[in-house]
Structures are given as C-alpha cells and as structure tokens.
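Taken in sequence, the protein lines are chains A and B.
Be aware that the first sequence starts at 2, since it is given in our numbering, and climbs by one per residue.
Be aware that the second sequence starts at 2, since it is given in our numbering, and climbs by one per residue.
Every residue, glycine too, gets a C-beta built ideally from N, C-alpha and C.
The structure appears right after this line, and notes come after that.
Number of protein chains: 2
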Amino acid sequence: MDTSIIENRDAAVEAPKLPDEIHYFLWNKIATLELKPGVKLSELGLAEQFKCSRIPVREAVRRLNVEGALDSQPQRGSFVSRIDLEEVKRVRYLREVLETRIVLDAYDANLLGPLVPLLRGMVRDQKNMLSFNELEKLTDADTQFHDFFYHLENKEFVQAHTGRYDIHYIRARRLALGVERSDKQRYDDSLNVVLQHDRMIDAIENGDRAALEDELINHFRNINHTLEDILHRNEFTDYFHI
Amino acid sequence: MDTSIIENRDAAVEAPKLPDEIHYFLWNKIATLELKPGVKLSELGLAEQFKCSRIPVREAVRRLNVEGALDSQPQRGSFVSRIDLEEVKRVRYLREVLETRIVLDAYDANLLGPLVPLLRGMVRDQKNMLSFNELEKLTDADTQFHDFFYHLENKEFVQAHTGRYDIHYIRARRLALGVERSDKQRYDDSLNVVLQHDRMIDAIENGDRAALEDELINHFRNINHTLEDILHRNEFTDYFHI
DNA sequence: TATTCTATATTTGTATACCAGATTTAAGAG
DNA sequence: CTCTTAAATCTGGTATACAAATATAGAATA
Numbered sequence: 002m003d004t005s006i007i008e009n010r011d012a013a014v015e016a017p018k019l020p021d022e023i024h025y026f027l028w029n030k031i032a033t034l035e036l037k038p039g040v041k042l043s044e045l046g047l048a049e050q051f052k053c054s055r056i057p058v059r060e061a062v063r064r065l066n067v068e069g070a071l072d073s074q075p076q077r078g079s080f081v082s083r084i085d086l087e088e089v090k091r092v093r094y095l096r097e098v099l100e101t102r103i104v105l106d107a108y109d110a111n112l113l114g115p116l117v118p119l120l121r122g123m124v125r126d127q128k129n130m131l132s133f134n135e136l137e138k139l140t141d142a143d144t145q146f147h148d149f150f151y152h153l154e155n156k157e158f159v160q161a162h163t164g165r166y167d168i169h170y171i172r173a174r175r176l177a178l179g180v181e182r183s184d185k186q187r188y189d190d191s192l193n194v195v196l197q198h199d200r201m202i203d204a205i206e207n208g209d210r211a212a213l214e215d216e217l218i219n220h221f222r223n224i225n226h227t228l229e230d231i232l233h234r235n236e237f238t239d240y241f242h243i
Numbered sequence: 002m003d004t005s006i007i008e009n010r011d012a013a014v015e016a017p018k019l020p021d022e023i024h025y026f027l028w029n030k031i032a033t034l035e036l037k038p039g040v041k042l043s044e045l046g047l048a049e050q051f052k053c054s055r056i057p058v059r060e061a062v063r064r065l066n067v068e069g070a071l072d073s074q075p076q077r078g079s080f081v082s083r084i085d086l087e088e089v090k091r092v093r094y095l096r097e098v099l100e101t102r103i104v105l106d107a108y109d110a111n112l113l114g115p116l117v118p119l120l121r122g123m124v125r126d127q128k129n130m131l132s133f134n135e136l137e138k139l140t141d142a143d144t145q146f147h148d149f150f151y152h153l154e155n156k157e158f159v160q161a162h163t164g165r166y167d168i169h170y171i172r173a174r175r176l177a178l179g180v181e182r183s184d185k186q187r188y189d190d191s192l193n194v195v196l197q198h199d200r201m202i203d204a205i206e207n208g209d210r211a212a213l214e215d216e217l218i219n220h221f222r223n224i225n226h227t228l229e230d231i232l233h234r235n236e237f238t239d240y241f242h243i
C-alpha cells in the first residue's frame, strides 16, 4: 500500500493560477497609473509577455473589463480605462455614509473616549511625518488611521464597498495624493488631512457628536475638492473619461 | 510593454455578445433557484445547450465564478454555489446603513411629509394584494415601495450595493418570500412587512425621526429572523454553505 | 459480501488555428 | 501635395484539439 503520497486537498496551498497572476499584475500596473489611462494593450502582446497562449490572458482581460479597469473593443484592442469621475463620486458617497456610520457607532458605544490618547499619538506621528516631508509614509498612516475604526467595529468587510478595490477611486486617490501633484499641493493637502484628524479627536474628547459627524463628512469630501482643483488646472485631463 | 501609443478614440459600439447572453441566462436560472445550489454543470454540456463551443461558455462561467454564483473546480466540474449566509448578513448590514440613511436624508429635507398620502396609498394597495393573497404582486410592490426612496434622493446607484445584484442575498430573499415557504408563513411575513410600512409612515406623519429610524432598521432585519426560522426548521439546509 | 484495483469517461486548463471586422498603410489619380 | 481607395496588418471572437486531474463503474480479490 502506497502511503507516501498524502492527499490533503483542503489544506493544500493552491498555487495562483496563471490567469490570476496576469490579472493581479495588470490590475496593479493600472491601479498605480504605471499603465496610463487610454494606453492600448493587445491580448497577443500580453500572451507573448507572459509566455503563454491567449487563453489565460483572455480570462484576465475579461475580468479586468468587468472590473472597469480595461475596455476591450472587438477588432480594435483593449484599452486601459479612463477614470470615471461619476464612479469616483459614487464611491465617495458610499464611503461617507458607511465609514461615518461606523465611527459614530463606535462613538455611541463609548469605545472612542478611552482611545483618545492612542488616537492623539497616531496623529502626532502623522505630524512628524509631515514635518519630515515623508508624504508616502503619511499616506499609509492615513490609511491605517481609518482602518483602525473598521477593525474596532469588526466591519472590515465594509472596506470592499468604500473604494479599496475600486479601480477608479483608487486611481483618483493616487492622483490626489501622489507624486503627480506638486510638492506644495501635496504638503497643503496633507496638512489639511492631519488637522481634520485632530479636530475629529477634539470632537470625541469634547463629547460633541454633531461636530464629529460634520468633521467626518467633510473629511471624506476632500477628494472632491482636490479633483476639482486638478481638473480646473487642466492637469491630467486625458486621464479622465469625458 | 508599450505605453507610448495612446489611443484617444473611445468608440462605444455595444452589441449583445454570446457570452453575455449565456451569463444572463445562467444568472437568472441561479437567482430564481431554478438551478438549485450544489447542482453540477459542465462547460461542454452548456456549450451543446447553446450550440456553440466552450469558449463563450467559459467566459460566462468564469464571470459567474467571480460573482459567486458558480464554483468551478479544476477537473471536477462547475457547481451552483450554495448560499453564503455570512455574505447575506454582510449585504443586509450594508442595506440597513445605506437605505436607512437615504430615507432619513429625505425625511430631514422635509420631502416625506407631503408624500404621506401617496405612501399611504401604496400601503393600501399592498393591503389589498394581501387580502386577495396576491403575494407575488405584493413582493414586487414591496420592491417598488423601497425603490421610491432611492429615486426620491437620486441615489439609484446605491441599490447596486444593497443586494440587488448579489446572488446570495437575492436567493436568500427569494427563499424568505417565495413559494418555497408555506402559505401561512408567507402570509404572516407579508402582513408583518405591510404593518411595518404603515408604522414608518406613522412615524413620518408624527415627525418622530427616532421612531422612523428604529422601524427602518428593524424592517431590514426581517430577513435575519426569517432565515433563522428556515434553518431552525431544517428546511433547505442543502441550499446553504456549511 | 465487501473492498481494492483498474480501465474508462468526464471535466477543466491550455494551445493552436482560423475568421470577421476595424485600422493602418501605401499606391495611385488628380 | 491632397484625396481616394484597395490591400496588408492587427485585434478580439470563436472552434477544435490535446493535456492533466478527477470521478465512476466494473472487475478482481480477500
């Protein structure tokens, strides 16, 4: 009896399938704007790049189409989608409603008061990053600051609906926060974000629920103002849809 | 990868494609429970059914996998997914937060007061359907009643995040409201729904915002109770995951 | 009878080939 | 030099074929 081969299907760590790898690769390239909106790709070219046939490539491409990252047109090609501002606005609204509710629920459950010192420390770190002009680190710290509340309420799953995986929102946020803007713009925006965090904690400390809600809603509307500013300056207009 | 060639033309010629048709057909069959959870399909069998090759079928199947409607396992087959109760609970939470906010926003904008007679008429119609035991019509009327508020606030897009296209939530709702339950159960549940609608309008009429919010939250939690009831009776246990 | 082994059938994953339509290129007329 | 037009090229859509893994049914065995 052959007992050398132990079959343990459930515990087996499945290797990522080829279409998944291709999808992941392209999604990241698109999300980071490394592949610019409007750029033309072709299934055959991708197949050569990944040294496989068109079939696995095609599966990844079709999935990217469904996700809105690619726009494939028969007999023309597959194009990196332009950023859909309406979609960004929709996601921003969802984030305003859902994340505001989660923070306020934590507030109403009296979870936030005892955490004020911890939150102050997080914002203090953010201020230090700002003073050292570590804006990349600050962006990550901002993300962590917000994730903190999701974890506090065990509502991590909601993040899937607040733009974390939305290719349009992700690219808009990158444009708004990333290296595409000038150093002064990035510093001003980052300072604004940190000051907003400070005022949120003030509201928590003061027991001012309405002020906390206002600060939250205003905070999530930042991206609207930044995008309007970018479009007003006619920067990156070819990155956007219409 | 060539990123130098930027295609500026965004032609938009839409034609119904074979994979889309197959996807739509299967999605509906699954959503209506006509294809029962756990049933095995095969790409080749579907290809024969649709009189085409496996390629278009495969595209539809892969998309259904991403959407959670199918679970394809290599060299085993493609199985209609069982209903994921955790996913249903997640979607129910999103609906509670988002739809409650939308109705309360309309209330705060003083849009609902003048509409009380209209809302009363809708509920009166629902009561008539109930008295004539037209439960299918009543289910549609319930959907319309809720859609009314989305349209009032121009937030139709939010419906995409409140279960309208979630295959697990849709099937759970169908089990909870549909012909799978006994006539008495369906009548009792429907009566409960209509009475809840009535109490919402009462709260609007009385200017009792807190009561409106409570009724809304309670209303969206109905499905939890119904599903617990179904599982407690050991009905349709093979429809659910674990 | 119950269990194990084996040949066969089934199913998904992938490669290759071909098609139809759109685009690009280049030749030719004015 | 510009415009027209037809051939060449590129691209996604589909069909067929094969490979690898799994399931199934029947035979062989204890």
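Am I right that HIS242 (chain B) and ASP85 (chain B) are in contact with their C-beta atoms under 8 Å? What's the rounded C-beta distance? 5 Å
Which residues in the same chain have their Cβ closer than 6 Å to the Cβ of ALA177 (chain A), if we skip the five residues on either side of it in sequence? ILE224 and THR227
Is LEU120 (chain A) closer than 8 Å to THR163 (chain A) when the C-beta atoms are compared? no
Selection of the region 50-83 of chain B by Cβ proximity to chain A, strictly under 7 Å: GLU60, ARG63, ARG64 and VAL67
Counting pairs of beta carbons, one from the region 41-61 of chain A and one from the region 108-120 of chain A, are three or more of them closer than 8 Å? no
Quick one: which residues of the region 91-111 of chain B get their C-beta closer than 7 Å to a C-beta of chain A? List them in chain order. ARG91, LEU95, VAL98, LEU99 and ARG102
For ASP126 (chain A), name the three-state secondary structure that DSSP assigns. helix
Whether or not the region 145-156 of chain A and the region 70-77 of chain A are in contact is what I'm after, with contact meaning three or more pairs of Cβ atoms, one per stretch, closer than 8 Å; do they touch? no
Is HIS24 (chain A) close to chain B, meaning its C-beta is less than 8 Å from at least one C-beta of that chain? no
Measure the alpha-carbon distance for LEU65 (chain B) versus ARG91 (chain A) and round it to whole angstroms. 25 Å
Alpha-carbon to alpha-carbon, GLY78 (chain B) and VAL180 (chain B): 30 Å
Using the beta-carbon of each residue, which ones in chain B are nearer than 8 Å to HIS162 (chain A)? LEU95 and HIS162
Along the chain, where does the beta strand (DSSP E) that runs through GLN74 (chain A) open and close? 71-74
CB contact flag (VAL159 (chain A), ILE103 (chain A), <8 Å): yes
In angstroms, rounded to a whole number, what distance separates the CA positions of VAL89 (chain A) and PHE237 (chain A)? 16 Å
What residues are listed by DSSP as bridge partners for LEU42 (chain A)? A:SER79
Go to THR101 (chain A), then tell me how far its alpha helix (DSSP H) extends in each direction, as first and last residue. 86-109
Would you call the region 133-149 of chain A and the region 203-215 of chain A in contact, with 3 or more CB pairs under 8 Å? no
What are the residues that DSSP puts in a beta bridge with PHE241 (chain B)? B:ILE84
Is it buried or exposed for ARG96 (chain B), if we count other Cβ within 10 angstroms and need 16 for buried? buried
Does DSSP put LYS138 (chain B) in a helix, in a strand, or in coil? helix
Would you mind reading off the limits of the alpha helix (DSSP H) that contains HIS24 (chain A)? 19-32
Under DSSP, the alpha helix (DSSP H) around PRO57 (chain A) begins and ends at which residues? 55-67
Please report the distance separating the alpha-carbon of ALA211 (chain B) from that of GLN50 (chain A). 60 Å
Considering only the alpha carbon of each residue, which of A:ARG182, A:THR33 and A:HIS198 lies closest to ASP126 (chain A)? A:HIS198
Give the residues of chain B in contact with PHE241 (chain A), contact being defined as C-beta atoms less than 8 Å apart. Going along chain B, no residue has its Cβ under 8 Å from PHE241 (chain A), so there is no contact; the nearest lies around 11 Å.
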